[in-house]
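Structure first, commentary second.
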Amino acid sequence: MFHKIRRHTVACLCLITILLLLVGCQATEEVQTEPALLLGFSQVGSESAWRMGNTRDIEKKAEECGISLMLENANQKQENQIDAIRRFIAYQVDVIAFSPIVEEGWDNVLSEAKEAGIPVILVDRDISTEKEGLTACLIGADFYNEGVMAAEYLIRKADSLGLDKVNIVEITGTEDSTPMRQRQAGFMDTIKDDERMVVLESINGDFLISRGRECMKYLIETYGDEIDVVYSHNDEMTLGALPEIEKAGFSPGQDMIIISIDGGQDAIDVLKEGKINCVVECTPMLGDKLMETAIKLKAGEEVEKVIHPEEQYFSDEMDLSGLAPRGY
Ligand code: GYE
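7 is the number of the first residue of the sequence shown in the numbering used here; add one for each residue after it.
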């Protein structure tokens, strides 16, 4: 009998211990603090060093701010971004942010976010819409000015070389994206009154290194040594184009003026080698402003409608030996 009571007692004690542990975990979970903010972010893809630097920076700054980040990579497809935004709405995140791969086609999904009362931040790129109030703000570069800086460099370079004719080929970024439209507009508006400047052709390289190579191969086959300038909307396409220029027997940076945009480490290294003449900076480090703005929106505070980071250019006109590592 005594033996049975003992066994029964031990079993009860074990059960109580297990229950206490469970309650304890539960209590621990209840004690755990809620994340300061739940941010849903739809990223364009992983197409370039710029994009991967942008993703790393956003992840790093979210962690530093104690913000819970749901980051989804759309792999260059708008429909994936739309699906991600719908998931964020269903999940009732506090704030939605995304870098729209192209400018059109967002009205429906952003109207759904608005109806759900979830503020939306545009990161890097803009949208084109007739509807009011679909987004709270845009945090991204002044791409038009990047195009202006590229063209102003070219005008100075043409002056210094005493050129009386400047045949240009342009390798553009993703069609209908904000950087493609604005970098082209800023460049073309700046050269339009300079009679030396002739644009032989603009061709879509989709911001990809492989397309940069294909585009440059086609342009050399078509125009050969008529080409004086290659204006490329990002470093990946530029780095894809350079081997094609060399394969054709030309010396990039000498026989052809090479102008690129982004300012990643790889392009800066090639600039220092003299194979690129000018790299316009487009910083991917937008994480600080994104987190700061998301926190303000969650708190119901007013935010600036447009936030442009400071940007510069690097060229063969300057001493770059002391330039700090680029970080992307
Ligand atoms: O120039 C390119 C990336 O939207 C500014 O997208 C960004 C552009 C950048 O793929 O490298």
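In this text, a Cβ means the ideal position worked out from N, Cα and C, and glycines have one as well. Bear in mind the structure is a predicted one, so any value in this text is a computation, not a measurement.
Can you tell which of Ala247, Glu152 and Asp272 has its C-alpha closest to the C-alpha of Met262? Working through the sequence shown from its first residue, we reach residue 262 at position 256. That would be Ala247, whose Cα lies nearest to the Cα of Met262.
Ordered along the chain, which non-local residues of its own chain (more than five positions away) have a Cβ less than 6 Å from that of Arg217? Indexing the sequence shown from 1 puts residue 217 at position 211. Contacts found: Gly211.
Would a C-beta distance cut-off of 8 Å place Asp234 and Val172 closer than the cut-off? Here residue 234 refers to the residue found at position 228 when the sequence shown is read from its first residue. Here residue 172 refers to the residue found at position 166 when the sequence shown is read from its first residue. It is a contact, given that the beta carbons lie within the stated cut-off.
Determine the DSSP secondary structure at Phe256, reduced to helix, strand or coil. Residue 256 sits at position 250 when you count from the first residue of the sequence shown. In this structure, Phe256 counts as coil in the three-state DSSP scheme.
Which word fits Leu326, buried or exposed, when buried means at least 16 other C-beta atoms lie within 10 angstroms of its C-beta? Counting from 1 along the sequence shown, the entry for residue 326 is found at position 320. By the neighbour-count rule (16 or more Cβ atoms within 10 Å), Leu326 is not buried but exposed.
Contacting residues, own chain, Cβ-Cβ under 6 Å from Glu78 (five flanking each side not counted): Sequence index remark: in the sequence shown, residue 78 carries index 72 (1-based). If we look at Glu78 and ignore the five residues flanking it on each side, its Cβ neighbours are Ser48 and Ala90.
First and last residue of the alpha helix (DSSP H) that includes Gln190? Looking up residue 190 in the sequence shown gives position 184. Its alpha helix (DSSP H) spans residues Thr184 to Ile197.
Here's the rule I'm using: 16 or more other beta-carbon atoms within 10 Å means buried, otherwise exposed. How should Ser266 be labelled? Taking the first residue of the sequence shown as position 1, residue 266 is located at position 260. The residue in question, Ser266, is buried, as its Cβ has 16 or more Cβ neighbours within 10 Å.
Please go through the segment 37-96 and give each complete alpha helix (DSSP H) segment of 4 or more residues, from N-terminal end onward. DSSP runs (the alpha helix (DSSP H)) wholly in the segment 37-96: 55-70 and 84-96.
Given 8 Å as the limit, is there contact between the segment 213-227 and the segment 145-152, that is, 3 or more CB pairs closer than that? no
When you compare the CB positions of Lys304 and Val101, do they come within less than 8 Å of one another, or not? The residue given as residue 304 occupies position 298 in the sequence shown. The residue given as residue 101 occupies position 95 in the sequence shown. The answer is yes: Cβ separation under 8 Å.
Endpoints, the alpha helix (DSSP H) within which Val154 is located: Residue mapping note: residue 154 aligns to position 148 of the sequence shown, counting from 1. Taken as a continuous stretch (DSSP letters only), the alpha helix (DSSP H) holding Val154 covers Phe149 to Leu167.
Below 7 Å CB to CB, which residues in the same chain sit around Asp130 once its five sequence neighbours on both sides are set aside? Here residue 130 is taken as the residue at index 124 of the sequence shown, counted from 1. Counting only Cβ-Cβ distances below 7 Å, and skipping sequence neighbours, we find Asn60, Ser105, Gly146 and Leu292.
Evaluate Tyr97 with the Cβ neighbour count: other Cβ atoms within 10 Å of its Cβ, from every protein chain shown; 16 or more gives buried, anything less gives exposed. For this step, residue 97 is matched to residue 91 along the sequence shown. Its Cβ having fewer than 16 others within 10 Å, Tyr97 is exposed.
Starting from Cys221, trace the alpha helix (DSSP H) in both directions and tell me its first and last residue. What you label residue 221 is simply residue 215 of the sequence shown in a count that begins at 1. Where Cys221 is concerned, the enclosing alpha helix (DSSP H) stretches over Ile215 to Tyr229.
Could you tell me whether any non-hydrogen atom of ligand 1 is closer than 7 Å to the CB of Cys221? Position 215 of the sequence shown, counted from the first residue, corresponds to residue 221. No, the Cβ of Cys221 stays beyond 7 Å of every heavy atom of ligand 1.
Does DSSP put Met203 in a helix, a strand or coil? Taking the first residue of the sequence shown as position 1, residue 203 is located at position 197. Residue state, collapsed to three classes: strand.
Return yes when the Cβ of Ile177 is within less than 8 Å of the Cβ of His239, no when it is not. Taking the sequence shown and counting its residues from 1, one reaches residue 239 at position 233. Taking the sequence shown and counting its residues from 1, one reaches residue 177 at position 171. Cβ atoms of His239 and Ile177: closer than 8 Å.
Thinking Glu259 and Lys281 are a contact (beta carbons under 8 Å), I'd like their distance in whole angstroms, please. Here residue 259 corresponds to residue number 253 of the sequence shown, with the count starting at 1. Here residue 281 corresponds to residue number 275 of the sequence shown, with the count starting at 1. Position check: residue 259 holds Gly in this sequence, whereas Glu was assumed. Their Cβ separation, rounded to whole angstroms, is 4 Å, which keeps Gly259 and Lys281 in contact under 8 Å.
Taking only the alpha-carbon atoms, compute the straight-line gap between Glu35 and Glu70 and give it to the nearest angstrom. Locating residue 35 in the sequence shown gives position 29, counting from the first residue. Locating residue 70 in the sequence shown gives position 64, counting from the first residue. Here Glu35 scores only 45 on pLDDT, less than 50, and its place in the model is too uncertain to base an answer on.
Got a sec? Which residues, its chain only, sit under 7 Å from Met297 by beta carbon, not counting five neighbours each side? Taking the first residue of the sequence shown as position 1, residue 297 is located at position 291. So the list reads Lys67, Ala68, Cys71 and Ile73, once near-sequence residues are dropped.
With a Cβ-Cβ cutoff of 8 Å, do Trp56 and Asp272 count as a contact? As a working note, residue 56 is residue 50 in the sequence shown. As a working note, residue 272 is residue 266 in the sequence shown. Going by C-beta atoms, Trp56 is not nearer than 8 Å to Asp272.
How about Val154 and Thr196: are their beta carbons less than 8 Å apart? Locating residue 154 in the sequence shown gives position 148, where the first residue counts as 1. Locating residue 196 in the sequence shown gives position 190, where the first residue counts as 1. Yes, they are a contact pair.
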